[in-house]
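Worksheet: the structure to be examined is printed underneath.
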Amino acid sequence: MVKLVVRDRETIQEAVRRFRKLVERSGIKKEMRRREYYEKPSETKRRARLRAERRSRRTRMLAR
Numbered sequence: 009m010v011k012l013v014v015r016d017r018e019t020i021q022e023a024v025r026r027f028r029k030l031v032e033r034s035g036i037k038k039e040m041r042r043r044e045y046y047e048k049p050s051e052t053k054r055r056a057r058l059r060a061e062r063r064s065r066r067t068r069m070l071a072r
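In structure tokens:
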């Protein structure tokens, strides 16, 4: 949960901008997009496997 305390003499635009940054950093937006549609468990596992392969490929390339 993101909480924003409006500072003294802060405009609404500045507060909204800070709120958007907080939401972006907390990962709420990303989570909402991920949950927007149902994803089969097999698709989740496949995505995780591909992510792990990319990560290992990247570390192998950096180790050389």
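Residue numbers for the sequence shown follow my numbering, so the first one is 9 and each next one is one higher. Note that the Cβ used here is the ideal one computed from N, Cα and C, for glycine as well. Model, not experiment: these values are computed from the prediction.
- Rounded to whole angstroms, the Cβ separation of V10 and L30 is 5 Å, and the two are in contact under 8 Å.
- Y46 and G35 have their C-alpha atoms some 19 Å from each other.
- Counted as a single uninterrupted DSSP element, the alpha helix (DSSP H) harbouring R26 occupies residues 20–34.
- Taking the Cα positions, K38 is about 15 Å away from F27.
- For E51, the enclosing alpha helix (DSSP H) stretches over residues 49–71.
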